[in-house]
Amino acid sequence: MRITCPICGERSVAEFTYGGDATVERPALDASVEDWSAAVYDRENPRGAHVEYWQHGMGCRAWLKVERDTVTHKIGAVTLVGRHANEEAS
Amino acid sequence: MSGYRLKTGGSLIDRDAPVSFTFDGKPVSGLQGDTVASALLASGHRTLARSFKYHRRRGIVSCGTEESNALITIGEGGRAEPNARATTAELYTGLVATSQNRWPSLNFDVMSVNGLLSPFFGAGFYYKTFMGPTRGAWHFYEHFIRRAAGMGAASKQADPDRYEKTTLFCDVLIVGAGAAGLSAALAAARSGARVILADENAAPGGWLQAETRKIDDMPASDWAKSSAATLDASENVRVLPRTTVYGYYDQNQLGAIERVTDHLLVKPGHLPRHRHLTIRATSVVLATGAFEQPLLHDGNDRPGGMLAGAVLRYALSYGVAAGGRVAFSGTHDGIWETALACAEAGIGVAAVADTRRDPPADLVAACEKFGIKARARAAIVRADGPGHVHAVEIAEVSRDGRVMNGIEKVNADICATSSGWMPAVHLHSQAGSRPGYDEERGIFLPGTPREDWIAAGSCNGTFGLSAAIAEGATAGREAVKAAGFRRPRAALPVVEADREASEPMHLRIVESPRGTKAKIFVDQQHDVTASDVKLAHREGFRSVEHLKRYTTLGMATDQGKTSNVAGLSLMAKLRDQNIADVGTTTFRAPYAPVALGALGGREPGAHIRPLRKTPMHDWHAENGAEMMPAGAWMRPRAYFKAGETLEQAYVREARMVRQSVGIVDVSTLGKIDVQGPDAATFLNRVYSNPFAKVPVGKARYGLMLRDDGLLFDDGTSWRLAEDRFLMTTTTANAGPVMQFLEFLLATAWPDLKVHLTSVTDAWAGIAVAGPNSRDVIARITDIDMSNEAFPFMGVREGTVCGNPGMIARLSFSGELAYEVYVPARFGLAAWEGLLAAGRDRDIIPYGMEALGTLRIEKGHVAGAELDGRTTAEDLGLSGMVSKKKDFIGKAMLNRPGLVEDKRLKLVGLKSEDSASIRIGSQLVQTEEAGKPGKSHGHVTSNCYSPALEAYIALALLEDGPERHGETLWAADPVRGGHVKVSVRDPHFFDPDGSRMHV
Chain A
6 MRITCPICGE
16 RSVAEFTYGG
26 DATVERPALD
36 ASVEDWSAAV
46 YDRENPRGAH
56 VEYWQHGMGC
66 RAWLKVERDT
76 VTHKIGAVTL
86 VGRHANEEAS
Chain Y
3 MSGYRLKTGG
13 SLIDRDAPVS
23 FTFDGKPVSG
33 LQGDTVASAL
43 LASGHRTLAR
53 SFKYHRRRGI
63 VSCGTEESNA
73 LITIGEGGRA
83 EPNARATTAE
93 LYTGLVATSQ
103 NRWPSLNFDV
113 MSVNGLLSPF
123 FGAGFYYKTF
133 MGPTRGAWHF
143 YEHFIRRAAG
153 MGAASKQADP
163 DRYEKTTLFC
173 DVLIVGAGAA
183 GLSAALAAAR
193 SGARVILADE
203 NAAPGGWLQA
213 ETRKIDDMPA
223 SDWAKSSAAT
233 LDASENVRVL
243 PRTTVYGYYD
253 QNQLGAIERV
263 TDHLLVKPGH
273 LPRHRHLTIR
283 ATSVVLATGA
293 FEQPLLHDGN
303 DRPGGMLAGA
313 VLRYALSYGV
323 AAGGRVAFSG
333 THDGIWETAL
343 ACAEAGIGVA
353 AVADTRRDPP
363 ADLVAACEKF
373 GIKARARAAI
383 VRADGPGHVH
393 AVEIAEVSRD
403 GRVMNGIEKV
413 NADICATSSG
423 WMPAVHLHSQ
433 AGSRPGYDEE
443 RGIFLPGTPR
453 EDWIAAGSCN
463 GTFGLSAAIA
473 EGATAGREAV
483 KAAGFRRPRA
493 ALPVVEADRE
503 ASEPMHLRIV
513 ESPRGTKAKI
523 FVDQQHDVTA
533 SDVKLAHREG
543 FRSVEHLKRY
553 TTLGMATDQG
563 KTSNVAGLSL
573 MAKLRDQNIA
583 DVGTTTFRAP
593 YAPVALGALG
603 GREPGAHIRP
613 LRKTPMHDWH
623 AENGAEMMPA
633 GAWMRPRAYF
643 KAGETLEQAY
653 VREARMVRQS
663 VGIVDVSTLG
673 KIDVQGPDAA
683 TFLNRVYSNP
693 FAKVPVGKAR
703 YGLMLRDDGL
713 LFDDGTSWRL
723 AEDRFLMTTT
733 TANAGPVMQF
743 LEFLLATAWP
753 DLKVHLTSVT
763 DAWAGIAVAG
773 PNSRDVIARI
783 TDIDMSNEAF
793 PFMGVREGTV
803 CGNPGMIARL
813 SFSGELAYEV
823 YVPARFGLAA
833 WEGLLAAGRD
843 RDIIPYGMEA
853 LGTLRIEKGH
863 VAGAELDGRT
873 TAEDLGLSGM
883 VSKKKDFIGK
893 AMLNRPGLVE
903 DKRLKLVGLK
913 SEDSASIRIG
923 SQLVQTEEAG
933 KPGKSHGHVT
943 SNCYSPALEA
953 YIALALLEDG
963 PERHGETLWA
973 ADPVRGGHVK
983 VSVRDPHFFD
993 PDGSRMHV
């Protein structure tokens, strides 16, 4: 697989580390134990389109949201997360 | 009669270049261009191997990668490669070939007695015999059974060869350089696109090597050769011979093995044996060809039983007659054409049997002109021995393979069969939907592509020569278009008198006149017979997946390339279903065996991962230290003096630290520079204890939890400025902590103004511990070391041995102690400076064992206790968990399972037997060693304590803190050991911490 990092360009998947399901919304620190349990343990495990966190650990170290098809492994849109999420990569 | 070299013919051999090699120690001669199989066949060898289970004689079946029987060991010592296919191994002078699975010799094999016992060794024999009450017998018999059954033995020596890995990029990859592949490459090359043409054989052409028709007025093999040469000369084309594309992965990434020096007499030192290629192609043409399938009959596994096409290919490519009298049996026109071509090449052909009612009259007449016995509606129903084939029985057979009548015995030494060709859809299947079975044509065809590939030629069911060439050209043009190039024009070569390929009759197995006594081998490599398949059906293992696992059909090294189809069709017949409904198993990579060395590349042994060394590494090694791995790092275990055991060494070191002073290399601790206006807020959320109000110039011990409330890591963080901390982590968790913190800043708290930098390698760290540590450091620094100016947990910047550095007053050992940090390049200077400064105080370096001993005596936890299952409360650290603030892990910390009674909690153990308490021992209440009973917990860390003069340990024990004073036994039944221990507080030494505050 190859992932196009918005900062570094198209790279081998070997440079990236999987970081979990990006559709899970992380609760606030003071959220209830039920909310936290759901966020930590409950997963949809979809067949097909999915959004995941990946870190470009052997490149710019940016955390990315990567659209991936769990059947074909086709990579879709890749975006930065966090405060740079809406910035254009230059 | 056996095989011999024909007077003429052989497109691949050089008759002027003899090559000598040995087979089972005896010299054999062949020719340059031979494979081991063609040379052995030419020199009259018939039995090359003994079979897997019954030790039956086995010879050469095929002429290529699909070979099921002729498996040999090539090379000696560390270079010995077991289970090599003689049919693909290129010959060179001095090659050493050895037969397998026989004792004492190939012709007299003691284990062939297994064949007599074969009625007992049917499918599922081992499951039935060794399950249930007799299960224990397996442990006794296993050794003998494993010795008796098997293939070649792997060498126990290290592989002396070198392997490489590389990545190739191209616009179009073409897999297979047969008629269709060459045609595709010629078309694609004209576009200017970067083209790679990979083929598993040494010479291009594939089955063109056994083609009698001319292409562009040239012999087909010459056309292949000149086409490949034209391609190789094009700048945009790379032709890779001896390259097997074995796997098709996501996003058009393919794996291939290039065999670089296997065929060379002198293997140049600069070349690797194999090169692993990762090929990234924009589009791919799969022209992988097809495998001829046998027509199975009684005795089909005898040496002399071959695939019809292989007999012809040996004649045309290598000038080898497989035998003196060949009998053919098949289900389509090809069997006649092959027999005729063999006869024209000078091979004696005894008979041709065709199962169809009305084979083409012209082919029958042509055969009869050669004096070949021709029979329609007939098949070879039995090959007779003894040993290899001496005669065949031809009989009239019904449409479903039953023997009708008219059995006729024909003398023959080769029994060549064909039930048609099966597309090689392995790669297609790996990168697409499952292959579909075309019931009408009786073949599997490629499914729907999931990746960007186009199939061409016989792998796509296009068997005619000119049709395959035309389809290849079209595929080449479409592939370059898909890769973004203009479709080039293509001029197709002219094929002489092309006859349309006939569809074979659907029959894979003919029954035997001997009925149930017949030995019809479906999977020859795994000795699976038609009776085994029937047995599996009777016993209910009827799905394809069950059949495969119960009988091991298709699970040998050839992955059933010439046996799966017959097995499936037999099961379909037994179930009275179509093959399409019975289904096929999935084709998985690798398509052909891959040497593990090639996957390892240049990173075997010590190179398997980077080795990390501290700036003081060489000093440790030169001063008696035994180095041990700690994650990717190497750390000194102990510094040995002459004659010392490990225990003596670390006990001496630990004692010296408590008495005077010692230093230990702590450069491996993870270090993260945390900067930004929100640095304190960030750490306050990350650690379970408060960090918001740590003053500048102070360090604090912090505990980090995971989201689920369990312990993650611990370490100290030093506040260097209002907006700056130096965080330390455990050696093992340096990477994971950094990654988690980056994740939090990116996803959860993007509003926090904090930046993280890993500075683990930037700093060398030295812990200086012992009552004299302050005095020694004072001699090498300009920092005021007095207790008043530099209190416990203080952090100061200044000089260390004249270089810039930082010192923090921290103690892991429980003694007065400091951690001295200097930039990595000054690490050795600081280390040697400290040792020089402390010489009159008998300063010593100490290693990991002494470091562990000192912390165990203090009851400090480390990686062994932070095992991913423990909570802060389990380890007696509940005081470190804030009740007032929010932090990572807080919400899930008090879930019922994490606070219930009976959790394993930290305790100290003292040996009452003067014996070491081994790590991993289970804590039990029974004194009797043999019957440990229920486990109440386990030992996590241990040492001999010089302070207590006893063996002590840390352990996790059910309700531990309430059981101080109890007597238990540390049971270690596997390694042997049953030590009486007393449970106590884990703070063995100086529990009120007075020593570190002086």
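Chains as they are written, first to last, in our numbering: chain A, 6 to 95; chain Y, 3 to 1000. Idealized CB from N, CA, C, for every residue including glycine.
### Task
Over the uninterrupted alpha helix (DSSP H) stretch that includes Y:Ala484, give me the two end residues.
Its alpha helix (DSSP H) spans residues Leu467 to Ala484.
### Task
Give the DSSP-derived three-state secondary structure of A:Asp35 in the structure shown.
In the three-state DSSP reduction, A:Asp35 falls in the coil class, being neither helix nor strand.
### Query
Using the C-alpha atoms, what's the distance from Y:Ile785 back to Y:Ala1066?
There is no way to answer for residue 1066 of chain Y, as the model of chain Y reaches only from 3 to 1000.
### Cβ-based contacts, 8 Å cut-off: residues of the stretch 49-71 of chain A near chain Y
Correct list: Tyr58, Gln60, Gly62, Arg66, Ala67 and Trp68.
### Task
Take every Cβ of the stretch 765-775 of chain Y, pair it with every Cβ of the stretch 813-831 of chain Y, and state whether three or more of those distances are shorter than 8 Å.
Judged by Cβ distances under 8 Å, the stretch 765-775 of chain Y makes contact with the stretch 813-831 of chain Y, as three or more pairs qualify.
### Query
What residues of chain Y sit near A:Gly14, judged by a beta carbon separation below 8 Å?
Result: empty, since nearest Cβ-Cβ is about 14 Å, beyond 8 Å.
### Query
Residues in its own chain within less than 8 Å of Y:Ala952 by CB, not counting five upstream and five downstream?
Hits under 8 Å: Lys912, Ser913, Ser916 and Tyr946.
### Query
Just to confirm, are Y:Arg315 and Y:Ala212 a CB contact at a threshold of 8 Å?
Yes, Cβ-Cβ distance for Y:Arg315 and Y:Ala212 is below 8 Å.
### Message
Please report whether the beta-carbon of Y:Ser22 lies at a distance below 8 Å from any beta-carbon of chain A.
### Response
No Cβ of chain A is located within less than 8 Å of the beta carbon of Y:Ser22.
### Query
Does the beta-carbon distance from Y:Arg282 to Y:Asn254 come in below 8 Å?
A contact, by the Cβ cut-off of 8 Å.
### Query
Secondary structure at Y:Arg327, three-state DSSP: helix, strand or coil?
For Y:Arg327, the secondary structure class from DSSP, reduced to helix, strand or coil, is coil.
### Query
Between A:Ala36 and chain Y, is there a C-beta pair that is closer than 8 Å?
At a cut-off of 8 Å, the C-beta of A:Ala36 has a neighbouring C-beta in chain Y.
### Message
Judging by CA-CA distance, which residue of Y:Thr855, Y:Ser815 and Y:Gly804 is the nearest neighbour of Y:Trp833?
### Response
Closest in alpha carbon position to Y:Trp833, among Y:Thr855, Y:Ser815 and Y:Gly804, is Y:Gly804.
### Task
Return the residue from the list Y:His299, Y:Asp675 and Y:Asp529 that minimises the CA-CA distance to Y:Pro515.
Distances from the CA of Y:Pro515 to each of Y:His299, Y:Asp675 and Y:Asp529 were compared; the closest alpha carbon is that of Y:His299.
### Query
Is it the case that the Cβ atoms of Y:Gly459 and Y:Glu502 are separated by a distance below 8 Å?
Against a cut-off of 8 Å, the Cβ pair of Y:Glu502 and Y:Gly459 comes out as no contact.
### Message
I'd like the list of long-range same chain contacts for A:His55, defined as Cβ closer than 8 Å, with 5 residues on each side in sequence excluded.
### Response
Result list for A:His55: Asp26, Thr28, Glu72, Arg73, Asp74 and Thr75, in chain order.
### Message
According to DSSP, is Y:Pro490 part of a helix, a strand, or is it coil?
### Response
Y:Pro490: coil per DSSP, three-state reduction.
### Query
Which residues, in chain order, does the stretch 574-594 of chain Y contribute to contact with chain A at a C-beta distance below 9 Å?
Hits within the stretch: zero.
### Query
When you compare only the Cα positions, how much space is there between Y:Gly678 and Y:Ala481?
Cα to Cα, the separation comes out at about 53 Å.
### Message
Y:Asp777 and Y:Met658 - do their beta-carbons sit closer together than 8 Å?
### Response
Taking 8 Å as the Cβ cut-off, Y:Met658 and Y:Asp777 do not qualify as a contacting pair.
### Task
Report yes or no: is there a C-beta of chain A within less than 8 Å of the C-beta of Y:Pro993?
Closer than 8 Å to the CB of Y:Pro993 there is not a single CB belonging to chain A.
### Query
DSSP state of Y:Val21, grouped into three classes?
Three-state result, Y:Val21: strand.
### Message
Against chain Y, with Cβ distances strictly below 8 Å, would A:Ala94 count as a contact?
### Response
Because the pLDDT at A:Ala94 is just 48, under 50, the model does not fix this residue reliably, and the value given afterwards should be weighed accordingly. So no, A:Ala94 is outside the interface.
### Task
Take the Cβ of Y:Trp765 as the centre, count every other Cβ of all protein chains shown within 10 Å, and call the residue buried at 16 or more, exposed below.
Classification for Y:Trp765: buried.
### Query
Tell me, which residues are paired with Y:Asp844 by DSSP?
Under DSSP, Y:Asp844 shares a beta bridge with no residue.
### Query
For the beta strand (DSSP E) that Y:Phe171 lies in, which residues bound it at each end?
Looking at the DSSP string, the run of the beta strand (DSSP E) that includes Y:Phe171 is Tyr165 to Val177.
### Task
Check each candidate in Y:Leu743, Y:Val268 and Y:Gly306 and name the one with the smallest Cα separation from Y:Arg60.
Minimum Cα distance to Y:Arg60 is reached at Y:Gly306.
### Query
Roughly how many whole angstroms lie between the Cα atoms of A:Ser95 and A:Cys10?
A caution first: A:Ser95 carries a pLDDT of 43, below 50, which makes its placement in the model unreliable, though a value can still be read off. When rounded, the distance between both Cα atoms is 12 Å.
### Query
When you check each C-beta in the stretch 70-91 of chain A against every C-beta of chain Y, which residues fall closer than 7 Å?
Within the stretch 70-91 of chain A, the qualifying residues are Thr77, His78, Val86, Gly87 and Arg88.
### Task
From the DSSP output, in three-state form, read off A:Thr22 for me.
A:Thr22 falls in the strand class under three-state DSSP.
### C-beta contact flag for Y:Gly939 and Y:Glu968 at 8 Å
Cβ distance not < 8 Å, so Y:Gly939 and Y:Glu968 don't count as in contact.
### Message
Between the stretch 506-514 of chain Y and the stretch 539-551 of chain Y, can you find at least three pairs of beta-carbon atoms closer than 8 Å?
### Response
Output reads no: the stretch 506-514 of chain Y does not touch the stretch 539-551 of chain Y.
### Distance between Y:Gly463 and Y:Thr290 (C-alpha atoms, nearest Å)
About 11 Å.
### Query
What residues from the stretch 747-780 of chain Y come within 8 Å of chain A, judged by C-beta to C-beta, listed N to C?
Listed in sequence order: Leu747, Ala748, Thr749, Ala750, Pro752 and Asp753.
### Task
Along the alpha helix (DSSP H) that carries Y:Gln661, what are the first and last residues, could you check?
From DSSP, the alpha helix (DSSP H) with Y:Gln661 extends over Leu648 to Gln661.
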